[in-house]
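Inspection log for the structure reproduced underneath, given as structure tokens.
Protein chains: 2
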Amino acid sequence: MAKISSKAKTILYPMPAVLVGSMIKGKPNFMTVAWCGIASHEPPAITLGLQKKRYTLWGILEYREFSVNIPPSTLVEKVDFCGLYSGREQDKSNLFKVFFGKLKNAPLIEECPINLGCVLLKLIDLGSHDLVIAEIKEVLVDENCMENQNIDPYKVDPLIYLTSIRKYSKIGSIVADAFEVGKIKKQ
Amino acid sequence: MAKISSKAKTILYPMPAVLVGSMIKGKPNFMTVAWCGIASHEPPAITLGLQKKRYTLWGILEYREFSVNIPPSTLVEKVDFCGLYSGREQDKSNLFKVFFGKLKNAPLIEECPINLGCVLLKLIDLGSHDLVIAEIKEVLVDENCMENQNIDPYKVDPLIYLTSIRKYSKIGSIVADAFEVGKIKKQ
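Structure below.
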């Protein structure tokens, strides 16, 4: 297969499309983030790559708490809206039904079936972006997305951000069981 | 909607399932990683959350280079195999067709339609895991996954790792155009 070399850029499939909630000047604000990944098991930690000028970064630095909310695909218009417009110019505090869990400065979104309450651990300066590393302190899941005490991702119906073609998609069909399909078969 | 509170844990949808390639003791080794995210635009940077005991971490620390390879869904058995067995006990150097790009210590996988060559920037100790932050120095893409000089993610056909139900899936149908569907409609 011929391989085409392109300039170094941020390519990864899939990327999530999550709503990051923070308090800024006493009001909830929400921003869409695709540059989000899991970092550690103990403490359970998550990363966000945020451009230095982001309004959300102010809130995270001020309160040292924030939320990561996993939106269902039906919320796509509001998800895109939160990626297009900064809280500096656009009040997003009434866009969702907001509630609070254990963390009093991490606004959670009622309409999102999964909500993570996070506390800032470290901020790493990487150049154009700061990498936020945070401990996940709380996980809330909609009751009707649970199946046998386990989260059913198809009931969550999360969005995927497809970079390069700049589209949102759903998760697709199951391919195989993890930690199973690759097992060496004993003779 | 009733929300169920669970203990703090690493929940994120979707997560990728990529193959991380490194040289260890002069031989290529490959490990499956779901805890991978984008961190920064300039420099283009990527993160990996790796358990401290991982063999791959030795290789990354020794050579300060590694690869991130995005496997197609047809490679699921080998992807799972690389997540199940450590390079300490299982020689994985002949599992794939290996080639090298610009980085002489970042083994790339021919069968994976997207290959990233990466150079270690920082290693952050988070407790159970180290967070590897690396600069993406090179991107290689299979010619037949390109469409109008753009990567077509459906031709790439990447795997998604679905945590909690521990399954791999494909990407699903398109929901909407990003940076478009949420635009405020001018009257």
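So the protein lines, in turn, are chains V and Z.
One rule links them: number in the working numbering = place in the first sequence (from 1) + 47.
One rule links them: number in the working numbering = place in the second sequence (from 1) + 47.
All C-beta atoms in this analysis are idealised placements derived from N, C-alpha and C, irrespective of residue type, glycine included.
Pairwise C-alpha distance: residue j and residue i
{"i": "Z:Glu190", "j": "Z:Gly148", "result": "16 Å"}
{"i": "Z:Ile117", "j": "V:Leu173", "result": "24 Å"}
{"i": "V:Val126", "j": "V:Cys83", "result": "15 Å"}
{"i": "Z:Ala64", "j": "V:Leu209", "result": "15 Å"}
{"i": "V:His176", "j": "V:Lys233", "result": "48 Å"}
{"i": "Z:Met62", "j": "Z:Glu136", "result": "27 Å"}
{"i": "Z:Thr121", "j": "Z:Leu155", "result": "18 Å"}
{"i": "Z:Lys74", "j": "Z:Glu109", "result": "12 Å"}
{"i": "Z:Lys230", "j": "V:Asp138", "result": "15 Å"}
{"i": "V:Ile218", "j": "V:Cys192", "result": "15 Å"}
{"i": "Z:Ser140", "j": "Z:Ile183", "result": "23 Å"}
Residue i vs residue j beta-carbon contact at 8 Å
{"i": "Z:Cys165", "j": "Z:Ala181", "result": "yes"}
{"i": "V:Val123", "j": "Z:Val228", "result": "yes"}
{"i": "Z:Pro119", "j": "V:Tyr60", "result": "no"}
{"i": "V:Ser69", "j": "V:Thr103", "result": "yes"}
{"i": "Z:Ser239", "j": "V:Asn162", "result": "There is no way to answer for residue 239 of chain Z, as the model of chain Z reaches only from 48 to 234."}
{"i": "V:Leu168", "j": "V:Ala49", "result": "no"}
{"i": "V:Gly106", "j": "V:Ile71", "result": "yes"}
{"i": "Z:Val186", "j": "V:Ile58", "result": "yes"}
{"i": "Z:Thr94", "j": "Z:Leu178", "result": "yes"}
{"i": "V:Glu194", "j": "V:Asn152", "result": "no"}
{"i": "V:Gly96", "j": "Z:Ala86", "result": "yes"}
Identified DSSP bridge partners for residue i
{"i": "Z:His176", "result": "Z:Gln98"}
{"i": "V:Asp224", "result": "Z:Lys214"}
{"i": "Z:Ser52", "result": "V:Leu187"}
{"i": "Z:Ala64", "result": "In DSSP, Z:Ala64 forms no bridge with anything."}
{"i": "V:Val115", "result": "V:Val67 and V:Leu163"}
{"i": "V:Ser87", "result": "V:Ala92"}
{"i": "V:Lys74", "result": "V:Ile71"}
{"i": "Z:Phe146", "result": "Z:Leu155"}
{"i": "Z:Ile198", "result": "Z:Met193"}
{"i": "V:Ala181", "result": "V:Ile93 and V:Leu167"}
{"i": "V:Thr237", "result": "The question about residue 237 of chain V has no answer, for chain V in this structure spans 48 to 234."}
{"i": "V:Tyr208", "result": "V:Met62 and V:Tyr215"}
Partners in chain V for residue i, counting only beta-carbon separations shorter than 8 Å
{"i": "Z:Ala223", "result": "Val123, Glu124, Asp127, Lys214 and Tyr215"}
{"i": "Z:Leu150", "result": "Simply none; closest approach about 11 Å."}
Proximity winner among the options, relative to residue i (alpha-carbon distances)
{"i": "V:Asp224", "options": "Z:Ala225, Z:Ile231, Z:Ser216 and Z:Gly229", "result": "Z:Ser216"}
{"i": "V:Val203", "options": "V:Phe77, V:Ser220, V:Val188 and V:Leu142", "result": "V:Val188"}
{"i": "V:Ser133", "options": "V:Glu157, V:Ser114 and V:Arg101", "result": "V:Arg101"}
{"i": "V:Glu89", "options": "Z:Thr79, Z:Glu89, Z:Ser220 and Z:Ala55", "result": "Z:Ala55"}
{"i": "Z:Cys129", "options": "Z:Lys214, Z:Asn76 and Z:Met193", "result": "Z:Asn76"}
{"i": "Z:Ser220", "options": "V:Leu97, V:Leu206 and V:Lys230", "result": "V:Leu206"}
{"i": "Z:Glu157", "options": "Z:Val222, Z:Leu142 and Z:Lys74", "result": "Z:Leu142"}
{"i": "Z:Leu150", "options": "Z:Ser140, Z:Leu131, Z:Lys139 and Z:Val115", "result": "Z:Val115"}
{"i": "V:Gln98", "options": "V:Tyr110, V:Met78 and V:Lys74", "result": "V:Met78"}
{"i": "Z:Phe226", "options": "V:Gly73, V:Glu109 and V:Leu131", "result": "V:Leu131"}
{"i": "Z:Val222", "options": "V:Ile183, V:Arg213 and V:Val222", "result": "V:Arg213"}
Chain V residues whose Cβ lies nearer than 9 Å to that of residue i
{"i": "Z:Ser211", "result": "Asn197, Ile198, Asp199 and Pro200"}
{"i": "Z:Val203", "result": "Tyr60"}
{"i": "Z:Ile117", "result": "Ile58, Leu59 and Tyr60"}
{"i": "Z:Glu157", "result": "Met48 and Lys50"}
Check: residue i C-beta below 7 Å from any heavy atom of the ligand GTP
{"i": "V:Ala81", "result": "This structure lacks the ligand GTP, and indeed carries no ligand of any kind."}
Neighbouring residues, chain Z, relative to residue i (Cβ below 9 Å)
{"i": "V:Phe226", "result": "Asp127, Gly130, Leu131 and Arg213"}
{"i": "V:Ala55", "result": "Pro90, Pro91, Leu163, Gly164, Glu182, Ile183, Lys184, Glu185 and Val186"}
{"i": "V:Tyr208", "result": "Ala225"}
{"i": "V:Gly229", "result": "Thr79, Val123, Glu124, Lys125, Val126, Asp127, Phe128, Cys129, Gly130, Leu131 and Tyr132"}
{"i": "V:Ile218", "result": "Tyr60, Pro61, Ile207, Leu209, Ser216, Lys217, Ile218 and Gly219"}
{"i": "V:Lys74", "result": "By Cβ distance, chain Z contributes nothing, its closest Cβ being about 20 Å from V:Lys74, past 9 Å."}
Contact set between residue i and chain Z, taken where Cβ atoms lie within less than 8 Å
{"i": "V:Ile51", "result": "Leu187, Val188, Asp189, Glu190 and Met193"}
Contact list for residue i against chain Z, beta-carbon separation under 7 Å
{"i": "V:Gly134", "result": "In chain order: nothing, as chain Z lies at least about 14 Å away."}
{"i": "V:Pro63", "result": "Leu59, Tyr60 and Pro61"}
{"i": "V:Lys169", "result": "Ile171"}
Chain-ordered neighbours of residue i on chain V, where CB pairs are closer than 7 Å
{"i": "Z:Ala86", "result": "Trp82, Thr94, Gly96, Leu173, His176 and Leu178"}
{"i": "Z:Gly68", "result": "Those within 7 Å of Z:Gly68 in chain V number zero; the least Cβ separation is about 15 Å."}
{"i": "Z:Ser120", "result": "Val222"}
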